[in-house]
Amino acid sequence: FQRSTVPRKNVIEFRPPLYKQRYFFVKDIVNQYKPKKVADLGCGNATLLCMLKFHSCVQELVGVDLLMDREEGERVPGPRDLDLSIVLYRGSAVEKDSRLLGFDLITCIELIEHLDSEDLAKFPEVVFGYFSPGMVVISTPNSDFNPLFPASTFRNSDHKFEWNQTQFQHWASNVAKLYSYTVEFTGVGAPPPWAKHVGYCTQIGIFKKNWILAKPTGSRVSEPEEHAYQVVSILCEVATGIRMVNYSGYRVPTVEISVNDLILRLTLGRSFMLTNGVRVGLLQSSRPPGLFPYLNVHHRERPGILESFQVVGPATPHCNLSGSAAGKRNASRLPPQRGSGNDCWQLSL
Numbered sequence: 001f002q003r004s005t006v007p008r009k010n011v012i013e014f015r016p017p018l019y020k021q022r023y024f025f026v027k028d029i030v031n032q033y034k035p036k037k038v039a040d041l042g043c044g045n046a047t048l049l050c051m052l053k054f055h056s057c058v059q060e061l062v063g064v065d066l067l068m069d070r071e072e073g074e075r076v077p078g079p080r081d082l083d084l085s086i087v088l089y090r091g092s093a094v095e096k097d098s099r100l101l102g103f104d105l106i107t108c109i110e111l112i113e114h115l116d117s118e119d120l121a122k123f124p125e126v127v128f129g130y131f132s133p134g135m136v137v138i139s140t141p142n143s144d145f146n147p148l149f150p151a152s153t154f155r156n157s158d159h160k161f162e163w164n165q166t167q168f169q170h171w172a173s174n175v176a177k178l179y180s181y182t183v184e185f186t187g188v189g190a191p192p193p194w195a196k197h198v199g200y201c202t203q204i205g206i207f208k209k210n211w212i213l214a215k216p217t218g219s220r221v222s223e224p225e226e227h228a229y230q231v232v233s234i235l236c237e238v239a240t241g242i243r244m245v246n247y248s249g250y251r252v253p254t255v256e257i258s259v260n261d262l263i264l265r266l267t268l269g270r271s272f273m274l275t276n277g278v279r280v281g282l283l284q285s286s287r288p289p290g291l292f293p294y295l296n297v298h299h300r301e302r303p304g305i306l307e308s309f310q311v312v313g314p315a316t317p318h319c320n321l322s323g324s325a326a327g328k329r330n331a332s333r334l335p336p337q338r339g340s341g342n343d344c345w346q347l348s349l
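Position 220, counted from 1, in the sequence shown is what the UniProt record's numbering calls 220; the numbers after and before it change by one each time, with no gaps.
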């Protein structure tokens with residue numbers, strides 16, 4: 001990476017910007033180790049997830065952030081050629097959630113410095129002890145670099161601390177030893193030639209699970225599932241001949257497929273992909289809002305054939321779907337799951 005300095009203003013400028021260098025670093029890790037399941041704790045606006053979704057090795061992406069909102073889920077870009085699911089949760093990195101077990105890589109980019117002392121003490125047990133992924137990448141500001149900036153205080157008003165190289169490496173080495181990981185140190189944001197001793201502007205620890213020394217985790221099977229996080233968005237992209245984004249919303253959709261019927265649960269205003277035999281469908285709300293939902297069904301073997309159905313009549317317990325290919329299909333509106341608020345339709349195809 002290149003860096004330019006402007007001595008007369010005492011300003012150090014990073015090119016590319018430092019935040020991009022951190023993301024590029026994670027992309028290089030993904031390229032090298034080919035993880036299938038990746039979670040980003042403290043994912044912010046999901047920028048890193050947006051970049052990682054184009055890596056063909058990745059099959060599942062998860063983002064967790066305390067300030068996650070619905071709009072962030074809607075900004076994740078469109079489909080790709082291979083199956084991929086992206087789930088965004090609202091929650092804390094120091095809360096245990098069983099849905100993050102079994103991941104190959106967990107990233108914590110500029111996260112730990114935002115934790116107070118109590119949460120920082122919980123962090124290793126949750127991430128390394130409970131989640132216990134194959135790899136963990138942690139980046140944090142290097143305070144040794146701070147005197148090179150015009151104002152040598154914390155880089156962000158929300159930072160609870162900023163460690164120098166010795167402090168970070170001491171903490172990381174102890175965590176690695178306690179939870180059977182190895183750790184190596186590097187960083188991004190090279191210092192000026194005359195200040196090599198301060199190290200990288202952002203220091204990074206790469207933790208790798210030592211599977212030989214790791215304690216067995218089979219006892220977790222008997223433990224109840226812990227779901228501390230709130231789902232903000234789910235985006236599932238299925239690799240078929242037809243590319244469709246299938247769901248994004250607050251609720252977790254469930255699909256039950258039998259031979260003749262499909263039971264669909266969705267939040268109106270969102271989309272959901274379904275498969276049944278040779279059919280691939282997309283159930284959406286109509287535009288403009290307020291109209292009844294419609295269903296487009298493509299035949300996978302003959303994608304040129306399209307059956308289009310629309311719910312007609314008010315949202316009563318029973319109504320019909322009117323279709324362009326085969327008249328009407330029967331649809332029954334089922335009671336929603338308790339607390340879900342979702343519409344559930346049983347549709348005969």
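Virtual Cβ for every residue (Gly too), placed ideally from N, Cα, C.
A quick note: this is a predicted structure, and the numbers were derived from the prediction, not measured.
Practice item. Would you kindly work out how many angstroms separate the C-alpha atoms of ALA176 and LYS209, rounded to a whole number? Key: For the purposes of this step, residue 176 is taken as residue 176 along the sequence shown, with counting starting at 1. For the purposes of this step, residue 209 is taken as residue 209 along the sequence shown, with counting starting at 1. Roughly 9 Å separates the two Cα atoms.
Review point. Which first and last residues belong to the alpha helix (DSSP H) in which SER173 is found?
Key: In the sequence shown, residue 173 corresponds to position 173, counting from 1. Unbroken alpha helix (DSSP H) run through SER173: 165 to 178.
Practice item. Give every residue of the same chain whose Cβ lies closer than 6 Å to the Cβ of TYR179, excluding the five residues on either side of it in the sequence, and list them in chain order. Key: Counting from 1 along the sequence shown, the entry for residue 179 is found at position 179. PHE128 and GLY129, listed in sequence order.
**Study point:** Enclosing beta strand (DSSP E) for ILE109 [first to last residue]
**Key:** One-based indexing of the sequence shown puts residue 109 at position 109. Its beta strand (DSSP E) spans residues 105 to 109.
**Study point:** Opening and closing residue of the beta strand (DSSP E) in which TYR181 lies
**Key:** If you number the sequence shown from 1, residue 181 lands on position 181. Here the beta strand (DSSP E) through TYR181 covers 181 to 188.
**Study point:** Sequence-distant residues of its chain with Cβ nearer than 7 Å to LEU213 (five each side left out)
**Key:** Stepping through the sequence shown from its first residue, residue 213 is reached at position 213. Only SER180 meet the Cβ criterion.
Review point. Shortest alpha-carbon distance to ALA39 belongs to which of PHE131, TYR19, ASN31 and GLU113?
Key: Translated into the one-based positions of the sequence shown, residue 39 becomes position 39. Considering only alpha carbons, the answer is PHE131.
Point to revise | Selection from GLN230, ASN146, SER157 and ASP97 that minimises the alpha carbon distance to GLY199 | key: On the sequence shown, residue 199 is found 199 positions in, with the first residue counted as 1. Among GLN230, ASN146, SER157 and ASP97, the Cα nearest to that of GLY199 belongs to ASN146.
Review point. In chain order, what residues of the same chain have a beta carbon less than 6 Å from the beta carbon of GLY134, not counting five sequence neighbours either side?
Key: Taking the sequence shown and counting its residues from 1, one reaches residue 134 at position 134. Taken in chain order, the residues that qualify are ASP104 and LYS209.
Check your understanding: Is the region 91 to 101 close to the region 48 to 66, with three or more CB pairs under 8 Å?
Key -> yes
Exercise for review: Can you give me the Cβ contacts of HIS227 inside the same chain, cut-off strictly under 8 Å, excluding the 5 residues immediately before and after it?
Suggested key: Along the sequence shown, one-based indexing puts residue 227 at 227. Taken in chain order, the residues that qualify are ASP97, SER98 and ARG99.
Exercise for review: State yes or no: is the C-beta of GLN230 within less than 8 Å of the C-beta of TYR19?
Suggested key: For this step, residue 230 is matched to residue 230 along the sequence shown. For this step, residue 19 is matched to residue 19 along the sequence shown. No; because the gap between Cβ atoms is not below 8 Å, this pair is not in contact.
Review point. Does DSSP classify ILE206 as helix, strand or coil?
Key: Position 206 of the sequence shown, counted from the start, is the residue given in the question as residue 206. Strand, per DSSP.
Point to revise | Separation of PHE149 from PRO193, as counted between CA atoms | key: For the purposes of this step, residue 193 is taken as residue 193 along the sequence shown, with counting starting at 1. For the purposes of this step, residue 149 is taken as residue 149 along the sequence shown, with counting starting at 1. Distance between the alpha carbons of PRO193 and PHE149: 15 Å.
Check your understanding: Who are the near neighbours of ARG155 in its chain, counting only those whose CB is closer than 6 Å to its CB and skipping five residues on each side?
Key -> By one-based count along the sequence shown, residue 155 stands at place 155. For ARG155, where only same-chain residues beyond five positions count, the Cβ hits under 6 Å are PRO141.
Review point. Taking the Cβ atom as the reference point for each residue, do ASP116 and LYS53 lie within a distance shorter than 8 Å?
Key: Along the sequence shown, read from residue 1 onward, the residue named residue 116 stands at position 116. Along the sequence shown, read from residue 1 onward, the residue named residue 53 stands at position 53. No, the pair does not count as a contact, with Cβ atoms beyond the cut-off.
Review point. Alpha carbon to alpha carbon, what distance is there between THR182 and ILE206?
Key: On the sequence shown, residue 206 is found 206 positions in, with the first residue counted as 1. On the sequence shown, residue 182 is found 182 positions in, with the first residue counted as 1. If I take the Cα positions, the gap works out to 8 Å.
Exercise for review: From the DSSP output, in three-state form, read off ILE112 for me.
Suggested key: In the sequence shown, counting from the first residue as 1, residue 112 sits at position 112. ILE112 falls in the helix class under three-state DSSP.
Point to revise | DSSP three-state assignment for VAL231, whether helix, strand or coil | key: The residue labelled residue 231 in the question sits at position 231 within the sequence shown. In the structure shown, VAL231 sits in a strand (DSSP, three-state: E or B).
Point to revise | 6 Å Cβ shell around GLY187 - same chain, five flanking residues per side excluded | key: Within the sequence shown, the letter at position 187 stands for residue 187. Once the five neighbours on either side are set aside, the close Cβ partners of GLY187 are TYR200, THR202, GLN203 and ILE204.
Practice item. Compare the C-alpha of GLN169 against each of GLU162, ASP158 and PHE185 and name the closest. Key: One-based indexing of the sequence shown puts residue 169 at position 169. Here the closest residue by C-alpha is PHE185.
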